[in-house]
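Following: one structure in structure tokens, then a few remarks.
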Amino acid sequence: MAHRLLHGTLDATILEADHLTNPTRATGGAPGIFRKFVEGFEESLGLGQGSTRLYATVDLGRARVGRTRVITGDPVNPRWYEAFHIYCAHFASDVVFSVKAAQPIGATLIGRAYLPVRDLIAGQEIERSLDILDASKKRLPHGPKIRVRLRFQDVAADRRGWGRGVGGARYPGVPYTFFSQRPGCRVTLYQDAHTPDAFAPRIPLAGGRLYEPGRCWEDVFDAISNARHLIYITGWSVYTEITLLRDANRPRPGGDATLGELLKRKASEGVQVLMLVWDDRTSVESLGMKWGFMSTHDAETAEYFRGSDVHCVLCPRNPDAGSSAVMGAQIAYMITHHQKIIVVDHEMPARHSDRRRILSFVGGLDLCDGRYDTQFHSLFRTLDTAHHKDFHQPNLAGASINNGGPREPWHDIHSKIEGPAAWGVLYNFEQRWRKQGAALISSSTSKLWQT
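If you read the sequence shown in UniProt numbering, its first letter stands for residue 1, the second for the next number, and so on.
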């Protein structure tokens with residue numbers, strides 16, 4: 001069958017399968033009631049293979065574009081009822097649905113079902129029960145089927161239109177996002193952790209104004225210092241020994257404090273300081289030395305705050321329940337958690353008000369060693385000043401502060417978010433904390449708009 005281009009959005013729902021057999025089990029073709037009894041008996045006693053763990057995938061050509069959760073307890077008629085909104089630009093002759101039995105290592109293919117792409121081009125919603133076939137596209141014993149619902153919308157028929165961009169103030173935002181677009185927000189953009197006064201390019205803006213570059217870690221320092229109720233931080237790495245302020249021409253009271261000292265001080269003032277730091281499972285401590293493949297200092301950070309008023313939780317990147325043992329190990333040890341956010345309460349723009357608001361930072365800069373840099377990205381000149389206590393060079397063997405460098409330069413972006421969108425960042429942290437942290441979030445956030 002000829003391949004056709006699917007360029008647009010594909011809404012696909014995998015509803016259920018029926019009359020499934022399992023070639024990996026001696027009872028895989030037995031009547032359904034008997035199979036449920038045997039698998040339930042094995043599962044309860046921890047004998048044999050236990051329950052069959054079934055999931056389904058969606059493929060366009062060679063691209064995997066969807067996968068359901070794993071269903072247990074029903075080896076014959078699993079019901080997923082799982083929907084996918086798929087942005088696609090794929091050449092394919094069929095939409096392929098594969099049903100698989102998850103194993104401790106890998107998965108066993110039960111069979112595949114095919115829905116021709118030509119049936120979707122008209123854009124009408126289709127619901128069908130498709131035959132599940134073997135590798136030779138022949139029907140399997142017992143005639144298993146999978147029921148699916150699909151609707152394709154060509155990019156040309158999408159009024160929001162791929163590639164058309166933001167058409168104006170009425171643009172409703174990217175669809176199907178967890179947090180919808182909100183009006184009344186402001187974003188401050190940063191390049192690098194600091195911008196010295198000597199870096200002043202003339203960038204004209206509308207209204208005859210000139211662009212004023214932000215200073216990320218200065219703003220982070222001020223935001224943390226001014227917090228009264230909460231400071232929430234997530235990071236791939238958070239290192240307590242760094243200092244946020246290092247420009248001698250732009251001092252701040254208390255600017256020589258390390259990040260760890262600053263957070264401890266705020267916690268001692270009654271501010272709720274919660275941290276979710278990625279748990280690098282390669283981190284070990286042996287013969288009095290702390291070491292980790294990624295050098296994130298996660299164990300050191302947790303130990304630094306242990307017994308203090310700062311609540312620091314190390315969070316591994318856990319695989320979902322449907323992953324195989326090999327995939328689970330790969331995710332746990334090799335896949336990092338790169339979310340980097342800071343959320344604080346802050347004074348209102350009208351400083352005479354006692355009410356507080358939420359201020360959030362999101363981006364690419366971790367609060368850790370090696371990240372402080374300016375637009376000059378010096379390799380040597382700052383080794384006795386800004387980087388004297390923050391030398392970072394993991395790529396060149398033998399490079400050190402005592403050998404005169406060179407340090408590793410660091411270029412990244414970050415942002416400060418104000419307005420309703422900043423609350424979305426707060427809600428994201430609270431959701432993660434309840435799942436990975438502990439029940440320590442107080443009612444302080446609800447008091448912010450009541451004072």
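From the three backbone atoms N, C-alpha and C, an ideal C-beta is built for every residue, glycine too. As the structure is a computational prediction, the values presented were derived from the model and not from experiment.
Minimum C-alpha distance to residue i - residue among the options
{"i": "Thr-72", "options": "Val-174, Lys-100, Ser-136 and Val-155", "result": "Lys-100"}
{"i": "Thr-21", "options": "Gly-143, Thr-296 and Leu-365", "result": "Gly-143"}
{"i": "Ala-2", "options": "Ala-56, Asp-119, Leu-109 and Tyr-55", "result": "Asp-119"}
{"i": "Gly-255", "options": "Lys-137, Leu-189 and Ile-224", "result": "Ile-224"}
{"i": "Val-58", "options": "Val-70, Ser-51, Val-96 and Cys-216", "result": "Val-96"}
{"i": "Ala-421", "options": "Ala-302, Gly-184 and Ala-200", "result": "Gly-184"}
{"i": "Cys-315", "options": "Phe-305, Met-348, His-337 and Glu-300", "result": "His-337"}
{"i": "His-346", "options": "Leu-210, Asn-249, Phe-221 and His-377", "result": "Phe-221"}
{"i": "Asp-69", "options": "His-90, Val-277, Ile-341 and Leu-15", "result": "First, the residue type needs correcting, since residue 69 is Arg and not Asp in the sequence shown. Nearest of His-90, Val-277, Ile-341 and Leu-15 to Arg-69, Cα basis: Leu-15."}
{"i": "Asn-403", "options": "His-411, Trp-410, Asp-412 and Gln-393", "result": "Gln-393"}
{"i": "Gly-363", "options": "Arg-250, Cys-216, Ala-89 and Leu-10", "result": "Cys-216"}
{"i": "Ile-342", "options": "Met-348, Ser-360, Arg-246 and Thr-188", "result": "Ser-360"}
{"i": "Ile-413", "options": "Leu-367, Asn-428 and Arg-432", "result": "Leu-367"}
{"i": "Val-187", "options": "Phe-429, Ser-415 and Gln-431", "result": "Ser-415"}
{"i": "Ile-110", "options": "Gln-103, Ile-358 and Asp-134", "result": "Asp-134"}
Under the three-state DSSP convention, the category residue i falls into
{"i": "Ile-335", "result": "coil"}
{"i": "Ala-157", "result": "helix"}
{"i": "Trp-433", "result": "helix"}
{"i": "Gly-260", "result": "helix"}
{"i": "Ser-51", "result": "coil"}
{"i": "Thr-72", "result": "coil"}
{"i": "Ala-135", "result": "coil"}
{"i": "Glu-300", "result": "helix"}
{"i": "Tyr-239", "result": "coil"}
{"i": "Gly-424", "result": "helix"}
{"i": "Val-117", "result": "helix"}
{"i": "Lys-266", "result": "helix"}
{"i": "Ser-129", "result": "strand"}
{"i": "Thr-13", "result": "strand"}
{"i": "Phe-152", "result": "strand"}
{"i": "Gly-8", "result": "strand"}
One or two residues paired with residue i in a DSSP bridge
{"i": "Ala-244", "result": "The sequence shown places Leu at residue 244, rather than the Ala named in the question. Looking at the DSSP assignment, Leu-244 forms no beta bridge with any residue, so it has no partner."}
{"i": "Asp-59", "result": "Arg-64 and Val-96"}
{"i": "His-311", "result": "Leu-274"}
{"i": "residue 452", "result": "Given a span of 1 to 451 for the chain in the structure shown, any question on residue 452 remains unanswerable."}
Jot down the residue ranges of each uninterrupted alpha helix (DSSP H) in the stretch 195–222, minimum 4 residues, whole runs only, in chain order. none
What are the uninterrupted segments assigned as alpha helix (DSSP H) that are 4 or more residues long and contained completely in the stretch 343–416, given in chain order? none
Contact between the stretch 217–235 and the stretch 268–275 (3+ Cβ pairs under 8 Å): yes
Mind listing, in chain order, the continuous beta strand (DSSP E) runs of no fewer than 3 residues lying wholly within the stretch 79–105? Fully enclosed beta strand (DSSP E) runs of 3 or longer: 79–92 and 94–102.
With contact counted as at least three CB pairs below 8 Å, one residue from each stretch, are the stretch 174–194 and the stretch 355–375 in contact? Yes, the stretch 174–194 is in contact with the stretch 355–375.
Mind the definition here: the stretch 383–399 touches the stretch 416–433 only if three or more C-beta pairs lie below 8 Å; say whether that holds. Too few Cβ pairs lie closer than 8 Å, so no.
Touch test, the stretch 86–94 against the stretch 130–147, Cβ-Cβ under 8 Å, three pairs minimum: Look at the beta carbons and you see the stretch 86–94 not touching the stretch 130–147: under three pairs across the two are nearer than 8 Å.
At least 3 beta-carbon pairs within less than 8 Å: the stretch 375–395 vs the stretch 240–253: yes
Taking 8 Å as the threshold, find out whether the stretch 273–283 comes into contact with the stretch 294–305 through three or more Cβ pairs. When Cβ pairs closer than 8 Å are counted between the two stretches, the stretch 273–283 is seen to touch the stretch 294–305, the count reaching three or more.
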